[in-house]
Amino acid sequence: MLSTPASEASAAILPEVANVQAEKKWYQRSAQEVAMALNSNLKQGLEANEATKRRGEYGPNQLQEPPPRSLIQMIYSQIKEVLVLILIAAAIISAALGEIEDSGVILVIVVLNAALGAFQESRAEQALRALKKLTQPMAKVLRDGRPDQVPAADLVPGDVVLLEAGDYVPADARLIEVASLAADESALTGESVPVEKTAEVLSGQEVTLGDQKNMVFMGTVITAGRGQAIVVDTGMRTQIGRIASMLQQVEQEPTPLQRRLAELGKYLGVIALAVVAVVFIAGLLRGEELLEMFMTSVSLAVAAVPEGLPAVVTIVLALGVQRMSRRQAIIRKLAAVETLGTATTICSDKTGTLTKNEMTVAQIYTSEGVWKVTGVGYAPRGEFIAVVHSGPESKPVTEGSEEAVDQTGEKAAQALDATGIQGSFAPALERMLIGGALASDAWLTQDNHGHYRIVGDPTEGALVVAAAKAGFTREGLNRDYPRVGEVPFDSDRKMMTTFHQVPPDRFGAPVVSFTKGAPDIVLERCQSWYGPDGEVAPLNDADKQKLLEANSKLASQGMRVLALATRSWLQVPEEMSSEAVESDMTFVGLFAMQDPARPEVARAVEVSRQAGIRPVMITGDHQTTAVAIAKEIGIYRPGDQVLTGLDLERASDEELEAAVLKTSVYARVSPHHKLRIVKALRAHQQVVAMTGDGVNDAPALRQADIGVAMGITGTEVAKEASDMVLMDDNFATIVNAIEEGRTIYANIRKTIHYLLSCNIGEIVAIFLAIVIGMGSPLTPIQILWLNLVTDGFPALALGLEGAEKGVMQRPPRGAKEGIFAGGLGIQIGWQGILIGGLSFTAYALAIAGGRSLVEAHTMAFLTMSLSQLFHAFNVRGPMSLVKMGLLSNRYLVGAFGLSAALQLAVILVPPLREIFDTALLTASDWLIVVGLSFMSIVVVEVVKAFTGLRASQTGTSVPLG
Ligand code: ATP
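My numbering numbers the first residue of the sequence shown as 93 and each following residue consecutively.
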């Protein structure tokens, strides 16, 4: 069932209502009618049981994706590779010439090779699919009357969803409540200007999608405001679902490295083919048999071209990415893995990334008194201790002067006693607590274990908890002072306002608004304040100055300070815009909240500095708060520059560029400043990782080399724009991801190092022997076997190598650095020649010793495979094997064991011996074979020791692994 009209969906639930309404579209009905038709409740949402039942009926709320490729398709795609086709042709030719057995073995090897390739590919695809699951979109929904977060796929018609700026609309839904809600519907309508939404019924004519202002549609984006909507259609029945067949699934793009490798592969392929052609001609000139030379050349071509490289690289990338996800970093774009290793600057938000985002109101400051609030966490238990008398000379008591607090507190309590306020709350305090909680959207809830939890923004949660400590619950306040309007928070304005119906006898007006936000910004819009005597009085510049000083003092302790202001209204204003309502206000007081730095961050900052990466803080918070925290965790160091949003506004791009390398803290910035900071940093060739969470952060996330979105607090839009998502919102996770990124890149270089040097080894041995006139030291089947067994497993295992010691103690790799940088190309060359030389030597010794050709082949074959297997240990890193620990990569030990066992099998198991044309060897033969093979380790170890010694003498760094 691809498309069901909306009316049919409802008919499935309540036929009689649907019949009456059949001709009416969702947008033409009132919200109540829609809820009735869908058998739902606007206030409570669906019951969880009902939602589960409907999930069964309607299926997942997802657009159908093309099915993954089958194993057969994957094997076919392997087999149609040109080289494999050549091999098949060779098998057919040799069969036609009577070599039935050989051709059979070749075909088996071809199939095994294809199966291995398909297995590798399916592993890679599986890993990528698993990743996609981790980043599945979530939706906020009312179930059983409580707000909850569920996977968007679990939504059903009738669900009431909560929407806010930065959300992707998770299904088609009819709006039931809006506050300045606007949506970008360009994905659906092509119209890029955001559409302002309403909850009103559109009872007139039928209108097009773009004009259905009381509807929101799956896949579009909420750009501003907040709202609630009832889901009417899900999955393929949504508007976007109906056109989904037209939408092409976006393929995972190859990363720059994969692209470069594909090119390199072609390039190497041509060289290998040229060499093989020379071998072929040389062989013929030397009088070798045509068919024999043809088969040898074809096999050599197959073995020499590193056709498995792209698949191995994809697996290494994909498995690395899985490892990262276990460390809380979800990679959304594979290319980010490579870029991570080149990062030179991390620009991080403060709140929640560097700090815990567990806000607790610690002090409440008003001109009538200052209260210290006790209690930690979200439990609504704590006391309000008055620490300063009311009076014109009042000043806040700073942390660290506990005695002063206690003494003053005692005095203040006495003073309060005398005024008879003890037992209830001082009006100023009560005003703050009620206003702060009313102007918040967060909810305090208890989980099944009785632990208190915040649903919503922790800053607002702190205000709700503070009010609850005085017995003002969210539910009670909503009942007594119902919200009748709001201008939602946005990080550019840095404040938010709510309107409430209030008892006029208490407030002197029927409607009151509360505005909370950044003190410097709120204060600018206040004309009056609650003065020291508790009366509203004009706010002069000197008073403002004093309040700003109080703000600075609290901020200098690293606390986040929020101001509260209020204004009375005769009625709810018609225009709900910031300009219209956030002015002419009366200042009430300040909340100071504690948000401690995450304990692991200071160490992560240190690690990133050692790794040549500069950490920078970019925050919307006050400069003083920002610097206090930045100092504590080591981001700010003496001599560093601090810039504010205002400085950024005033600075030209050139001035910003000149300052950007010295600046470690940006405070009071707006999201759009982040874009300029990224650009300025990039002008200095910096590779920038930039964090963000809001809808307005998306452009900066896209512009940054690595856009990093917050998994917990981040909006869907920010996640969509990012390359990486932090599941735990933690700065330390970025540093861990960089370490993984460096390791993955190093491991890819190791697999390339290994595969290419082994391939060169095979070419060298055969080339040398044929040119000298000794015939090929390896039979075609033996060459193919080496390609399949010896190369395959160890190369993969090398990709799983753990982090090298000191990986975070060297500077980032240059962004333009080639894959063979640091002498890798030379190492591949000489080590390939070494391996080829060893195998050739074994062959030559056997021939010189008058051994049979089969025995000579066997010795060359064994030496080649064993020296390659030993060589795998060489490429693990630039350090000596003894230092790295012989067994520390257990995958490689396993791969070595498996490959060696298979290799022995083709010599020791009689039928295999027949097929692979090998012979049993004498003890002295084995001694020669093992001795020669082991030379590959000995020689490389000597060279490592020598280069290590030279590096330590000259102070240069050892080439990267
Ligand atoms: P960071 O950018 O490091 O995450 P931040 O959380 O302070 O820091 P924003 O969320 O953009 O950044 O907030 C900017 C400022 O707006 C805050 O410093 C605070 O003064 C104010 N603010 C934050 N949250 C709210 C809110 N829910 N209501 C009103 N004002 C708020």
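Using N, Cα and C, we set each Cβ at its ideal position, and we do this for glycine too.
Check, Outcome
"Delimiting residues of the alpha helix (DSSP H) encompassing residue 599", "596-599"
"Inter-residue spacing [alpha-carbon to alpha-carbon] between residue 314 and residue 608", "23 Å"
"Buried or exposed (CB count within 10 angstroms, at least 16 for buried), residue 145", "exposed"
"Rounded straight-line distance, which links the Cα of residue 783 to that of residue 1123", "The requested residue 1123 does not occur in the structure, where the chain is confined to residues 93 to 1053."
"Unbroken alpha helix (DSSP H) run spanning residue 959, endpoints", "945-966"
"Best match in 892, 963 and 884 for proximity to residue 920 [C-alpha to C-alpha]", "963"
"Backbone CA spacing between residue 295 and residue 305 [nearest angstrom]", "12 Å"
"Residue 544: first and last residue of the uninterrupted beta strand (DSSP E) it sits in", "544-547"
"Cβ contact check for the stretch 417-431 and the stretch 873-886: 3 or more pairs under 8 Å", "no"
"Closer than 6 Å: residue 608 CB and nearest the ligand ATP heavy atom", "yes"
"At least 3 beta-carbon pairs within less than 8 Å: the stretch 146-157 vs the stretch 239-249", "yes"
"Residue 823 beta carbon less than 7 Å from that of residue 696", "yes"
"Coarse secondary structure for residue 802, derived from DSSP in three states", "strand"
"Burial state of residue 592, where buried means 16 or more other Cβ atoms lie within 10 Å", "buried"
"Sub-7 Å separation of residue 529 and residue 451 beta-carbons", "no"
"Under the three-state DSSP convention, the category residue 406 falls into", "helix"
"Bridge-paired residues (DSSP) for residue 556", "Paired residue(s): none; residue 556 is not in a bridge."
"C-alpha gap between residue 661 and residue 604, whole angstroms", "6 Å"
"Check: residue 625 C-beta below 6 Å from any heavy atom of the ligand ATP", "no"
"Best match in 910, 913, 959 and 912 for proximity to residue 933 [C-alpha to C-alpha]", "959"
"Proximal residues to residue 549 (C-beta, below 6 Å), its chain only, five neighbours per side dropped", "534"
"Near the ligand ATP: residue 551 beta-carbon under 6 Å from a heavy atom", "yes"
"Residue from 559, 817 and 1030 with nearest C-alpha to residue 474", "559"
"Residue 583 CB to nearest heavy atom of the ligand ATP below 6 Å", "yes"
"Residue 723 to residue 449 span [Cα, whole Å]", "18 Å"
"Residue 617, DSSP secondary structure in three states", "coil"
"First and last residue of the uninterrupted alpha helix (DSSP H) at residue 975", "973-976"
"Residue 711 CB to nearest heavy atom of the ligand ATP below 6 Å", "yes"
"Where the beta strand (DSSP E) containing residue 1074 begins and where it ends", "One cannot answer for residue 1074 here, as it falls past the ends of the chain, which runs 93 to 1053."
"Counted within 10 angstroms of its Cβ, other Cβ atoms place residue 546 as buried (16 or more) or exposed", "buried"
"Three-state class that DSSP yields for residue 243 in the structure shown", "strand"
"Residue environment, residue 238, which counts as buried when at least 16 other CB atoms sit within 10 Å", "exposed"
"Exposure of residue 463, with buried meaning 16 or more beta-carbon neighbours within 10 Å", "buried"
"Straight-line Cα distance separating residue 748 from residue 740", "7 Å"
"Cβ distance (whole Å) where residue 582 is taken to contact residue 810 below 8 Å", "At roughly 14 Å, the Cβ-Cβ gap does not stay under 8 Å, so residue 582 and residue 810 are not in contact."
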